[in-house]
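Only one structure is covered here, and it is reproduced in the block below.
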Amino acid sequence: KNQTVYAIEGGYGLRNQKYAANVNLYYTIWNNKPPASLPQVITPDGTYYYNINGLNALHKGIEIDFIYKFLKNLEVEGLASIGDWKTTSGSTANITNENGDIVDVVDFSAKNVHVGDAAQMQFAGSVRYEPIKRLYIKPRYTYFAKNYSNLDPTILEGTNKDRESWKMPNYGLLDLYAGYDFSYWKLKFTVTAGVNNLLNTVYMSDAQNGTKFNASSATIFMGMGRRMNVSLRIGF
776 KNQTVYAIEG
786 GYGLRNQKYA
796 ANVNLYYTIW
806 NNKPPASLPQ
816 VITPDGTYYY
826 NINGLNALHK
836 GIEIDFIYKF
846 LKNLEVEGLA
856 SIGDWKTTSG
866 STANITNENG
876 DIVDVVDFSA
886 KNVHVGDAAQ
896 MQFAGSVRYE
906 PIKRLYIKPR
916 YTYFAKNYSN
926 LDPTILEGTN
936 KDRESWKMPN
946 YGLLDLYAGY
956 DFSYWKLKFT
966 VTAGVNNLLN
976 TVYMSDAQNG
986 TKFNASSATI
996 FMGMGRRMNV
1006 SLRIGF
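Sequential numbering from 776 applies to the sequence shown in the numbering used here.
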């Protein structure tokens, strides 16, 4: 069956010489959501691939961002993204061979199981300061929470029905950016530099859920450590 998506979204924005702010709410229903990869089952008769219908999910949340200019050379930015993304159904699939004989049955349930592979809550704040004209410094801190390990809902069978995947630890990252604009030979130059993960924080950016649904069985992807970059842009 085809996948269907029903979504409603609304937002409101404010603008002023000193500040700007936006708020946005969303509510999205996914029906017959396809799995990330084609599931398979191994039987004495061979390996069979199958499709699952009836895997539904609900994504809802609110997003807020703002900027406030305290002084001509000093402004503060912030954002908050609070989501609640869950699968909302289960399904049964009869797996048949070329003759139409049932060789296996997949009966799973993933009701109210959080969607993995993305932090559902993020909070960030930054300060942009210009100590001299055309030179700015901008530290930024971002906090990630409610991040579940990636999980194929179709494996939630038997005693694992409606079972949550492993929830990874929350973490925060501090970044630092700077830039300078100048002109020379009728050309415009912009030099920018950045240090990501300034504090060299050790964190898990992603994970694949394991058989025990905990940290000991999960496949973990570590986040990148401190790294720096410098760039030059020329305009004419």
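In this text, a Cβ means the ideal position worked out from N, Cα and C, and glycines have one as well. On a predicted model such as this, the values are computed, not experimentally measured, just so you know.
Whole angstroms is fine: what's the gap from residue i's alpha carbon to residue j's?
i, j, result
"S856", "M896", "6 Å"
"N777", "N828", "9 Å"
"A953", "N971", "12 Å"
"N882", "I839", "First, the residue type needs correcting, since residue 882 is Asp and not Asn in the sequence shown. The straight-line gap from Cα to Cα measures roughly 40 Å."
"Y923", "I930", "16 Å"
"V1005", "Y946", "26 Å"
"I837", "R938", "26 Å"
"K844", "D956", "20 Å"
"D927", "T994", "14 Å"
"N989", "E873", "38 Å"
"G1000", "D876", "53 Å"
"S901", "T934", "46 Å"
"V966", "G1010", "12 Å"
"F919", "A894", "6 Å"
"T976", "L910", "28 Å"
"D859", "Y801", "10 Å"
"F898", "D892", "18 Å"
"D888", "A782", "First, the residue type needs correcting, since residue 888 is Val and not Asp in the sequence shown. Taking the straight line joining both Cα atoms gives about 20 Å."
"P906", "I912", "8 Å"
"K908", "L846", "13 Å"
"S884", "R790", "46 Å"
"K961", "G998", "42 Å"
Could you spell out where the beta strand (DSSP E) holding residue i opens and where it closes?
i, result
"Y959", "946 to 959"
"R1001", "Note, R1001: premise wrong, no beta strand (DSSP E); not H, not E."
"I839", "832 to 846"
"K808", "Per DSSP, K808 belongs to no beta strand (DSSP E) and is neither H nor E."
"N971", "962 to 971"
"D981", "979 to 983"
"K913", "910 to 922"
"R903", "894 to 907"
"T779", "779 to 790"
Looking only at its chain, what residues have a beta carbon closer than 8 Å to the beta carbon of residue i, apart from the 5 residues adjacent to it on each side?
i, result
"F841", "Y794, A795, A796, N797, E852, G853, L854"
"P810", "I827, L830, D927, P928, T929"
"Q815", "T822, Y823, Y824, Y825"
Provide the residue(s) that pair with residue i in DSSP beta bridges, ordered along the chain.
i, result
"F1011", "BP columns for F1011 are empty, so no partner."
"D882", "T867"
"D859", "K835"
"Q815", "Y824"
"T994", "Q983"
"K942", "Y923"
"N797", "G788, D840"
"G933", "Partner(s): none; G933 has no beta bridge."
"G853", "F841, G900"
"V890", "None; V890 has no bridge partner."
Suppose the cutoff is 7 Å on Cβ atoms and the five residues either side in sequence are ignored; what does the same chain contact list for residue i look like?
i, result
"L974", "L949"
"Y787", "V798"
"K808", "Q778, L830, N831, A832"
"P921", "One detail in the question is off: residue 921 reads as Lys in this sequence, not Pro. Cβ neighbours of K921 beyond the five flanking positions: A894, Q895, M896."
Within a Cβ cutoff of 6 Å, which residues of the same chain sit near residue i, ignoring the five residues on either side of it in sequence?
i, result
"F996", "S980, D981"
"L849", "Y904"
"T818", "V878, D879"
"T986", "S992"
"K963", "G1010"
"N806", "T779, N831"
"R1008", "T965"
"T862", "A832, A885, V888, P928"
"K721", "Coverage of the chain is limited to positions 776 through 1011, which leaves residue 721 absent and any answer about it impossible."
"T917", "A899, L948"
Taking Cβ positions only, does residue i come closer than 8 Å to chain D?
i, result
"Y916", "Checking the listed chains, one finds no chain D in this structure; it contains a single protein chain."
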